[in-house]
Structure formats: C-alpha cells, structure tokens
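J.: All you need for my numbering is the position in the sequence shown, starting with 1, plus 1110.
Don't be surprised by glycine CBs; every beta carbon is placed ideally from N, CA and C.
What you are looking at is a predicted structure, and each value in this text was computed from that prediction instead of being measured.
Let me give you the structure first, and then I'll get to my questions.
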Amino acid sequence: MSMSAGSDASIYLCVSIDCECDKGPGWKTRKPLSFAAITAGIGERLQPLFRRYGAKPTYLLSPEVIRDPASVAVLASIAGQCELGTHLHGEFAEPGAFEPEVTSAFQCHYDRTTEQEKLRGLTALFADAFLTKPRSFRAGRFGIGPHSLGILADLGYTVDSSVTPFKDWAQAGAPEASFRRAPTQPYWPVLEKPAQIAAVPGPLLEIPVTIRPAALGWLPLVGRHFEPRWLRPTKGSVEQIVAVAEDEIATSSGRPIVLNCMFHNVEIMPGLSPYAQTEAEADAILGRLEGLLAFAARHGIATVGLGDVPSLIC
Ligand SMILES: [Zn+2]
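What follows is the structure, given as structure tokens:
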C-alpha cells in the first residue's frame, strides 16, 4: 500500500456523524418522532465500536434530538468519550419549528435574521442540555450560505464541517451551496465565501468532508455527472473507502493531514434511513466503518474530534 505522505507526516481521522430522529425510506420522518438510532444506534452500536478502537467520534445533533430526554441521557453518558456538536435541520429549529415529512430546508435560503435565530436557538438548546457550548457544526444538507460562518463564529463555534469538495447542491435545490473548487484539507475560510481560503487565520476552521473526484470526473462535459468518491461507509467496500483515504493522503500537502468521514446515525439501524432496510445491510455499514477504523489503527492514525483539529493545525 502506498502511504506516500511518509511516516513523519501526522495524519488524523475525524468521524463526524449527523444525528437525527429516526427516518425511513425516502428520508421520511417517522411519526410520532422516535430516536432508536440515538439510544440504541449510538448507545449500543456506534459508541461500543469506537470504544474498541480508542476512537473519538463527533456526533452532530439536530434540534429534535436535543429535545428528546432519553437521547440526551445517552449522549450525556458518553460525552467524555466523544465530541458533541450541532447539526441544523431548520424545520426542527425555533423560531417556527415543526415536524416535517422530510427535512428539505437549506439554511442558506433563510434570510439572515431567521438563520441567526435558528442557529442561536439550536446552540442554546445544546447548552441547556449538556451544560457546555458546542464547538463544531454541520449544516443539514450541507446548505451553508454567505451568512452561516459569521453567525457560527459569533456564537463561539470554532469548526464548521459543511463543505463538500467536488460537489454542488444545485440539483438538490441550492445552487448557492457550491463547493466544487473547495480545498479538501482544513482551511481558514472567507466567512462570506465558505469555499474560499482566507488570507489570514480566522475564528472558525473549515474541515471539509473528505471527498475525492470520480475516477472519470476529469472528462469534459460528462465528467461532472460521475459521483465523486466520499469517505463514507454507506456504500461500497472497505477497500474502496480505504482507497479514498489513501488518495487524500497521497495528494495532500497539508500538515498535518486530516481525513473526515461522515455518515448519519440512522444508517446503522435497519429501516431508519434509505440506506439499510435489513439488519444485514445495517451491519454491512458498521462493518465498513470498522474497516476504516482498523485501517487508521494499523497506520497509527488517531481518531479525534472535529473540535480538536484547530489546536493540531496551529
Ligand atoms: Zn442531516
């Protein structure tokens, strides 16, 4: 295997998990709201796996999760072994919270005041539940806009992880959330232009999701229709996921190198997301996550929280 970054380069892995109420096929919200993918999914499946590998994951919590006492109890009980941050699905956030059929909102489509109030509400909800301030954030549907990062910095966040390199979300309805040319390694962003590197360090570090171009993504015209390769256990094989990690390590000039794997808590439970209908399918996703953790362990790559990264970069 090629680890061309060399043995002297430090490499870190973040596993950042968007945590939501139970969903189902087509991402439909289960009603009444339920949270088995928090209480059992994180409590009995994910956290024991991370514990076996000495890995520190980051759970990014949507507002409805923080309003559920049983979920908060489970998350508070593991708070010393993980990082807890926030994840905005605007429908669930005050002002104007409701229970949507599907979470389709992009926060970049709210006016600045509404976006600020929803982020403020989410952050206050978190602080009340966990008696500490969140440091890390990811937008639902990766939908940050020109106001998002400034609002987050004002609220005391030090990390955003909403940028998805080689992707834009125009087809999903948000051409504003375009990250095709964004860096793949952590950077200090221009707050009004999240995909751009600022000239000087700022208050908020952007840690993009690790995504590599599609194998044929360079082809003119048709190339952009091939899905880039995500560091994500949802589909594929352990070999394919490890290849994405190796590709990022080999092409990266960042020191240290940071890999950022994302998925959703609901993916590792049968029937609670579009990705796993059966126990075997849910197990396969967990198995691929374990394959990535084993790869990291073999190479001495520590799994750290998103909020730990700024101090490692400086
Ligand atoms: Zn989400």
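1) Can you name the start and end residues of the alpha helix (DSSP H) that S1421 belongs to?
2) Tell me the rounded alpha-carbon separation between D1238 and N1370.
3) Within the present structure, is the beta-carbon of G1250 separated from the nearest heavy atom of ligand 1 by less than 6 Å?
4) Less than 7 Å between the beta carbons of P1318 and V1273, yes or no?
5) Within the same chain, show all residues whose beta-carbon is closer than 6 Å to that of A1203, passing over the 5 residues directly before and after it, in chain order.
6) Strictly by DSSP, which residues pair up with D1128?
7) Taking only the alpha-carbon atoms, compute the straight-line gap between P1167 and T1224 and give it to the nearest angstrom.
8) Going by other Cβ atoms of all chains shown within 10 Å of its Cβ, with 16 needed for buried, is A1309 buried or exposed?
9) Any heavy atom of ligand 1 closer than 6 Å to the Cβ of D1128?
10) Counting only the same chain and skipping the five closest in sequence on each side, list residues whose C-beta sits under 6 Å from that of G1260.
11) Note down the Cα distance separating I1254 from Y1220, rounded to an integer number of angstroms.
12) What residues in its chain sit with their C-beta under 8 Å from that of V1414, if we drop five residues either side in the sequence?
13) Quick check on R1155: buried or exposed, where buried means 16 or more other Cβ atoms within 10 Å of its Cβ?
14) Starting from R1322, follow its DSSP beta bridges and name the residues at the other end.
15) Using C-beta distances below 8 Å, list every residue in its chain close to G1151, excluding the 5 sequence neighbours before and after it, in chain order.
16) Starting from Q1350 and walking both ways along the alpha helix (DSSP H), at which residues does that stretch end?
17) Determine the DSSP secondary structure at K1303, reduced to helix, strand or coil.
18) Are the region 1133-1141 and the region 1381-1400 in contact at 8 Å, needing three or more beta carbon pairs?
19) Which value, in whole angstroms, describes the spacing of the CA atoms of S1114 and I1351?
20) Hey, would you say V1184 sits closer than 7 Å to T1213, going by beta carbons?
21) Going by the DSSP bridge assignment, what does G1195 pair with across the sheet?
T.: The answer reads as follows:
1) Within the sequence shown, numbered from 1, the residue matching residue 1421 stands at position 311. Segment 1419-1423, the alpha helix (DSSP H) holding S1421.
2) Position 128 of the sequence shown, counting from 1, holds the residue named residue 1238. Position 260 of the sequence shown, counting from 1, holds the residue named residue 1370. Answer to the nearest angstrom: the Cα atoms are 28 Å apart.
3) By 1-based counting over the sequence shown, the position of residue 1250 is 140. G1250 Cβ: within cutoff of ligand 1.
4) Stepping through the sequence shown from its first residue, residue 1318 is reached at position 208. Stepping through the sequence shown from its first residue, residue 1273 is reached at position 163. Against a cut-off of 7 Å, the Cβ pair of V1273 and P1318 comes out as a contact.
5) Here residue 1203 refers to the residue found at position 93 when the sequence shown is read from its first residue. Once the five neighbours on either side are set aside, the close Cβ partners of A1203 are P1173, K1228, G1231, L1232.
6) Mapped onto the sequence shown, residue 1128 falls at position 18. In DSSP, D1128 forms a bridge with L1170, H1374.
7) Residue mapping note: residue 1167 aligns to position 57 of the sequence shown, counting from 1. Residue mapping note: residue 1224 aligns to position 114 of the sequence shown, counting from 1. Spanning the two alpha carbons is a distance of roughly 30 Å.
8) As a position in the sequence shown, residue 1309 is number 199, starting the count at 1. Per the 10 Å Cβ criterion, exposed.
9) Counting from one through the sequence shown, the residue named residue 1128 turns up at place 18. Flag set: Cβ of D1128 near ligand 1.
10) Numbered from 1 along the sequence shown, position 150 holds the residue referred to as residue 1260. The beta carbon of G1260 sits closer than 6 Å to those of L1301, all from its chain and outside the five residues before and after it, given in chain order.
11) For the purposes of this step, residue 1254 is identified with residue 144 of the sequence shown, where counting begins at 1. For the purposes of this step, residue 1220 is identified with residue 110 of the sequence shown, where counting begins at 1. Cα to Cα, the separation comes out at about 10 Å.
12) In the sequence shown, the residue the question calls residue 1414 occupies position 304. Beyond the five residues adjoining it in sequence on each side, V1414 comes within less than 8 Å, by CB distance, of Y1122, L1123, C1124, K1166, L1422 in the same chain, given in chain order.
13) The count along the sequence shown starts at 1 and reaches residue 1155 at position 45. Flag for R1155 reads buried.
14) Here residue 1322 corresponds to residue number 212 of the sequence shown, with the count starting at 1. Beta-bridge pairing links R1322 to R1339.
15) Looking up residue 1151 in the sequence shown gives position 41. Once the five neighbours on either side are set aside, the close Cβ partners of G1151 are N1375, V1376, I1378, M1379, L1382.
16) Locating residue 1350 in the sequence shown gives position 240, counting from the first residue. That run of the alpha helix (DSSP H) goes 1348-1361.
17) Along the sequence shown, one-based indexing puts residue 1303 at 193. If DSSP states are grouped into helix, strand and coil, K1303 belongs with the strands.
18) yes
19) Locating residue 1114 in the sequence shown gives position 4, counting from the first residue. Locating residue 1351 in the sequence shown gives position 241, counting from the first residue. Its pLDDT being 48, under 50, S1114 is placed unreliably by the model, and the measurement read from it follows with that caveat. Taking the straight line joining both Cα atoms gives about 17 Å.
20) Residue mapping note: residue 1184 aligns to position 74 of the sequence shown, counting from 1. Residue mapping note: residue 1213 aligns to position 103 of the sequence shown, counting from 1. No, these two residues do not count as a Cβ contact at 7 Å.
21) Against the sequence shown, residue 1195 aligns to sequence position 85. BP columns for G1195 point to L1170.
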